[in-house]
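What follows is a single structure, written as structure tokens, with notes after it.
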Amino acid sequence: MRIRQLDLLRYGHFTDAIIALPDSKPDFHMLLGENEAGKSTAMGGVEDLFFGIPSNSSRNFLHEYNAMRVGALLERGSDTIKVRRRKGNKDTLLGDDDLPMPSGEGALAPFLAGADRRFYARMFSLDHERLRQG
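Be aware that the sequence shown starts at 0, since it is given in numbering that gives the first Met the number 0, and climbs by one per residue.
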């Protein structure tokens, strides 16, 4: 799976922030920035998009829980999907039209290839604390 674009629509201190991740050689992207620039927020946004926004999320300091949205354009081979996630208990995976995905969480299954939040965080979400833990 490849993330082509990350949409921090109403998430953390971001409003309508779009992070494009275009093809490049090598095809690797690293988000860099000053302290408090939003690197950890972006990383959390990806995890919350894939696995749901936790009920005790701390990312609502600007946007109310019911308004929180994070999205992405994902690619897997020739397949692409544009999805959003809202905070809630049911039908939280949305299409680009902000309506629930007809296939629910199953829409992400081929892109996640069986990964759960814990596996994804250990393999792909590196931050200072996780690097120290090894």
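By construction, the Cβ of each residue, glycine as well, lies at the ideal position given by its N, Cα and C atoms.
Using the Cα positions of residue i and residue j, report the straight-line distance between them to the nearest angstrom.
i	j	result
residue 56	residue 9	13 Å
residue 102	residue 110	14 Å
residue 16	residue 132	31 Å
residue 125	residue 45	12 Å
residue 64	residue 120	23 Å
residue 49	residue 6	13 Å
residue 26	residue 20	9 Å
residue 54	residue 24	39 Å
Can you list, in chain order, the residues of its chain with a C-beta nearer than 7 Å to that of residue i? Leave out the 5 residues immediately preceding and following it.
i	result
residue 97	83
residue 106	80, 82, 92, 100
In its own chain, which residues sit with a C-beta less than 6 Å from the C-beta of residue i, not counting the 5 before and 5 after it?
i	result
residue 1	74
residue 30	38, 41
residue 72	3, 4, 81
residue 62	9
residue 95	81
Measuring CA to CA, which of the options is closest to residue i?
i	options	result
residue 86	79, 23, 69, 130	69
residue 11	66, 107, 92, 21	66
residue 89	23, 20, 52	52
residue 115	14, 127, 47	47
Does the beta-carbon of residue i have 16 or more other beta-carbons within 10 angstroms, so that it is buried, or is it exposed?
i	result
residue 58	buried
residue 76	exposed
Leaving out the 5 sequence neighbours to the left and right, which residues in its chain are closer than 8 Å to residue i when beta-carbon positions are compared?
i	result
residue 60	11, 12
Under 8 Å, with one C-beta from each stretch per pair, do the stretch 88 to 102 and the stretch 27 to 41 reach the 3-pair mark?
As far as the Cβ criterion goes, the stretch 88 to 102 does not touch the stretch 27 to 41, which means the pair count is below three.
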